[in-house]
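Number of protein chains: 4
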Amino acid sequence: MAREKGSEKRQRILEAALKVFAERGFYNAKVSEVARVAGVADGTIYLYFENKDDLLIQLFEDRMEYIIRRLQDELERTPGDPLERIRRLIHLHVDLALHDPDLAEFITVELRQSSKFVKEYENPQFLEYLRVLRDIVEEGQRGGFIRPGLDSRLIVRAIFGALDEVLLTLTLASRSRSVDVAMSADQLADLLIDGMSTPETRLHS
Amino acid sequence: MAREKGSEKRQRILEAALKVFAERGFYNAKVSEVARVAGVADGTIYLYFENKDDLLIQLFEDRMEYIIRRLQDELERTPGDPLERIRRLIHLHVDLALHDPDLAEFITVELRQSSKFVKEYENPQFLEYLRVLRDIVEEGQRGGFIRPGLDSRLIVRAIFGALDEVLLTLTLASRSRSVDVAMSADQLADLLIDGMSTPETRLHS
Amino acid sequence: MAREKGSEKRQRILEAALKVFAERGFYNAKVSEVARVAGVADGTIYLYFENKDDLLIQLFEDRMEYIIRRLQDELERTPGDPLERIRRLIHLHVDLALHDPDLAEFITVELRQSSKFVKEYENPQFLEYLRVLRDIVEEGQRGGFIRPGLDSRLIVRAIFGALDEVLLTLTLASRSRSVDVAMSADQLADLLIDGMSTPETRLHS
Amino acid sequence: MAREKGSEKRQRILEAALKVFAERGFYNAKVSEVARVAGVADGTIYLYFENKDDLLIQLFEDRMEYIIRRLQDELERTPGDPLERIRRLIHLHVDLALHDPDLAEFITVELRQSSKFVKEYENPQFLEYLRVLRDIVEEGQRGGFIRPGLDSRLIVRAIFGALDEVLLTLTLASRSRSVDVAMSADQLADLLIDGMSTPETRLHS
DNA sequence: CATGAATGAGCCTTCATTCAT
DNA sequence: TATGAATGAAGGCTCATTCAT
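From first to last, the protein sequence lines are chains A, B, C and D.
Residues 0 to 204 in numbering that gives the first Met the number 0 are what the first sequence lists, from first letter to last.
Residues 0 to 204 in numbering that gives the first Met the number 0 are what the second sequence lists, from first letter to last.
Residues 0 to 204 in numbering that gives the first Met the number 0 are what the third sequence lists, from first letter to last.
Residues 0 to 204 in numbering that gives the first Met the number 0 are what the fourth sequence lists, from first letter to last.
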């Protein structure tokens, strides 16, 4: 059946959509261009996706699933304390963006894009990403690593926002000139982790 | 003459555009609905703006100018050290968003929106906002309030990103249930300021 | 009263309309550009003309009246035989076009233009021009200068068509490079007059 | 593939455009009406033509190609001297107009129409038509049939202009009352051919 | 008389989606 | 499954015309 997730053609279309959406933005992207880049007929897209919105959503979920899987693999392999794990998460996030600029641009620019997307679509994968991060933060608060007075949801949003904005800047910048992204990741992690640490666990003290 | 910036009708159209763009998103918004909300004819919009894109850009510039003016007024009145001034900036930013949810939604959702907007349009007002913030950060670094090892441009982007994301969340949330926004602002300021402080100037130590 | 024919402002508008219609063509010309060129407000045009179509018609009539007056003056002063008078007419027509290229372009390009103009508007001035020419032709036929077998209406249309097309070519050409228009007029007159002459009156025999 | 010249749907659209442009004039014609007459959707027109202007140009080229092909077939079959061939050309031109009044009206009214068409578009097919005619004229001059003093380009324009104007008149007239078109063609040919003949070759002498 | 800002009907064009093959 | 020609709803924009000043 055409709709199954593993279909090779479905992947080709998602690949093409990522490329085209990153380049033109969702609303300026034409379904026919996605088809052209994917090497399929326009109509074929509708065998795998309900409509253009569905293509956006499924693309987002597909990529977020991948990111979350990578994230959880990474975290399982990282034994350290919660602060260290947040540092790992930031680095991974930055590495992924560095390795796949189209994906970075797609996430940073299009995630908030359509009001439909933001307001109506629940966006479960994104929420799960935040959930994973929030669990670490709350574990850090229970363990005395992170100040308990901070609202964990707020910390999480702040981390994501800072990461997202920095990556947007880095991605757009790196397309023209080269940037030392690793150092940026380090500094960003320093900034955020020091911000949430308790006096005892703080690096710069 | 009809086209001058101060025109009352131009303001009505910008007001309406803000409302409609915030509600529907730029690409889903219809010029005719902006006209209807503004109480003018469709064609009237084209007396004041070149096209729909131009309306978006001018709306953005108009609102950013206002925000920057408010910001600079506030900073002039705030005598404190750079860290204190950043705290003031964060509070003002949050207050503005709280006071004008349409504006908050417009900025948080639409600023990155069109690829044209992000990639081609220089967006001078936004850059000036960042510039103001960066000046404070660098002053703080020179004065020993902020760790000099951090890249000021990165800090600035991180602050803006965290603020922006938190406001997006707060705005969308506050439309349904009520949220203690002042406390959120406080915590966000704590997080970010502690993150960049030197050990001597840190609050939580 | 504003509508009277002699009004200086009315003349300014007609002048401007001729210029703009010649340059852009009637359908591509904007009323507001005619107003701008005339140095009046858009609305002023509607004090003197019912609408854009009416402006076209009145412009045409105004110019044709002038042409016909010039033509009749010329013919009264020309004592020669009918063939000679037709030659004079052709030269005058060409001279007028040479002297006022906008008028030439307007007549050659726009006269047939709007189907409304061609099919509904009677165009009395143009018909009078043809009438004047036809009278000469028929006089020539009665006097044995022109072959009586030819339909005078047909001769008249053929002369006008040949003249019109040649002038269109000359006008468009003379805008770029210079052309010996006087010689062209001579040759055209030779061609047409020899074509209609009886053997006795023919020049080239 | 949809876009190839031979497409049956493309022909249907050209047919419809000819009819609608002839009836209303290019600028008063609506694309949607062309679509309706062609029995296709509005959008279909844009699969075959870039825009409304392109439809006009391609229609013109398509019909001129046909006319030129017919003309050259006819001339190949006509053994006579150059004057005789010009007579044949005039008759063919008139016959075509008689047989397809929409085409006649389209050519006579719309050819000069849009300033774009006249001033910017090169109009190669029309120039080829004139070229064919000019070749005959110059052959006639070399062979002593046509007075060598006449500028061949001028003769050609005069013939075309006379033909065009007469056909405009005939076409508009024949839509209401009936006219003896064959006789008109004969007389027009007589007029023009006698006008350019040398004394030796002239019919009426 | 004159102005010109405002109007709004109307049209070209786009492009997501369908469906006969 | 796959195709891609065809569809037609929808909307940005123009510009002739109006009318309050």
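A virtual CB, placed ideally from N, CA and C, is assigned to each residue, including glycine.
Computed from a predicted structure; not experimentally measured.
(1) Could you round the C-beta distance between residue 197 of chain C and residue 145 of chain C to whole angstroms and report it? I think they count as a contact, below 8 angstroms.
(2) Taking 7 angstroms as the threshold (beta carbon to beta carbon), is residue 60 of chain D in contact with chain C?
(3) Does residue 139 of chain A come within less than 7 angstroms of chain B when only Cβ atoms are used?
(4) Are residue 89 of chain D and residue 21 of chain D closer than 7 angstroms when you measure CB to CB?
(5) Quick one: which chain A residues come within Cβ less than 7 angstroms of residue 186 of chain B?
(6) State the DSSP-derived secondary structure class of residue 196 of chain A, mapped to helix, strand or coil.
(7) In chain B, which residues lie with their C-beta within 7 angstroms of the C-beta of residue 112 of chain A?
(8) Between which two residues does the alpha helix (DSSP H) carrying residue 39 of chain A extend?
(9) By alpha-carbon positions, which one of D/135, D/95, D/12 and D/50 ends up nearest to residue 35 of chain D?
(10) Check distances from the C-beta atoms of the stretch 154-167 of chain D to those of chain C and list, in chain order, the residues that come in under 8 angstroms.
(11) Applying the criterion that 16 or more other CB atoms from any shown protein chain within 10 Å of the CB defines a buried residue, is residue 0 of chain B buried or exposed?
(12) My understanding is that residue 195 of chain B touches residue 162 of chain B, with C-beta atoms under 8 angstroms, so please give their C-beta distance in whole angstroms.
(13) Inspect the beta-carbon positions of residue 40 of chain A and residue 190 of chain B and report whether they are closer than 7 angstroms.
(14) Out of B/42, B/105, B/9 and B/74, which has the shortest C-alpha to C-alpha gap to residue 170 of chain B?
(15) Take residue 199 of chain C and list the residues in its own chain whose beta-carbon comes closer than 6 angstroms to its own, dropping the five residues that flank it on each side.
(16) On the DSSP bridge assignment, give the partners of residue 145 of chain C in chain order.
(17) Can you confirm whether residue 190 of chain B, when its beta carbon is compared against all beta carbons of chain A, has any partner nearer than 7 angstroms?
(18) Please confirm whether residue 63 of chain A has its beta-carbon closer than 7 angstroms to some beta-carbon of chain B.
(19) Start and end of the alpha helix (DSSP H) containing residue 120 of chain D?
(20) State yes or no: is the beta carbon of residue 183 of chain B nearer than 7 angstroms to at least one beta carbon in chain A?
(21) Using the rule of at least 16 other Cβ atoms within 10 Å of the residue's Cβ for burial, across every protein chain shown, is residue 202 of chain D buried or exposed?
(22) Could you list which residues in chain D have their beta carbon closer than 9 angstroms to that of residue 99 of chain C, in chain order?
(23) Leaving out five residues before and five after residue 92 of chain B in sequence, what residues of the same chain have Cβ atoms less than 7 angstroms from its Cβ?
(24) With DSSP collapsed to three states, give me the class of residue 157 of chain C.
(25) Using beta carbons (cut-off 7 angstroms, strictly below), is residue 204 of chain A in contact with chain B?
(26) Which two residues bound the contiguous alpha helix (DSSP H) that contains residue 100 of chain A?
(27) For residue 233 of chain D and residue 164 of chain C, which I take to be in contact (beta-carbon distance under 8 angstroms), what is that distance rounded to the nearest angstrom?
(28) Whole angstroms are fine: how far does the CA of residue 42 of chain D sit from the CA of residue 51 of chain D?
(29) Going by the beta-carbon positions, is the gap between residue 108 of chain C and residue 152 of chain D smaller than 7 angstroms?
(30) Put residue 112 of chain B into one of helix, strand or coil per three-state DSSP.
(31) DSSP three-state label for residue 139 of chain D, please.
(32) Starting from residue 202 of chain D, follow the alpha helix (DSSP H) in both directions and report where the run begins and ends.
(33) Determine, using beta carbons only, whether residue 194 of chain C comes closer than 7 angstroms to chain D.
(34) Whose Cβ in chain B lies nearer than 8 angstroms to the Cβ of residue 180 of chain A?
Concretely, from the data shown:
(1) 7 angstroms
(2) no
(3) no
(4) no
(5) 149, 150 and 153
(6) strand
(7) 112
(8) That residue, residue 39 of chain A, is in no alpha helix (DSSP H); it is neither H nor E in DSSP.
(9) D/12
(10) 154, 156, 157, 158, 159, 160, 161, 162, 163, 164, 165 and 167
(11) Because residue 0 of chain B carries a pLDDT of 44, less than 50, the predicted location of this residue cannot be relied on, and the following value inherits that uncertainty. It counts as exposed.
(12) Not a contact, Cβ separation roughly 14 angstroms.
(13) no
(14) B/105
(15) none
(16) C/196
(17) yes
(18) no
(19) Element bounds for residue 120 of chain D: n/a, residue is neither H nor E.
(20) yes
(21) exposed
(22) By Cβ distance, chain D contributes nothing, its closest Cβ being about 18 angstroms from residue 99 of chain C, past 9 angstroms.
(23) 162
(24) helix
(25) yes
(26) 100-104
(27) No information on residue 233 of chain D is available, as it lies outside the stretch 0 to 204 that chain D covers here.
(28) 12 angstroms
(29) no
(30) coil
(31) helix
(32) Premise fails: residue 202 of chain D is in no alpha helix (DSSP H) and is neither H nor E.
(33) yes
(34) In chain order: nothing, as chain B lies at least about 11 angstroms away.
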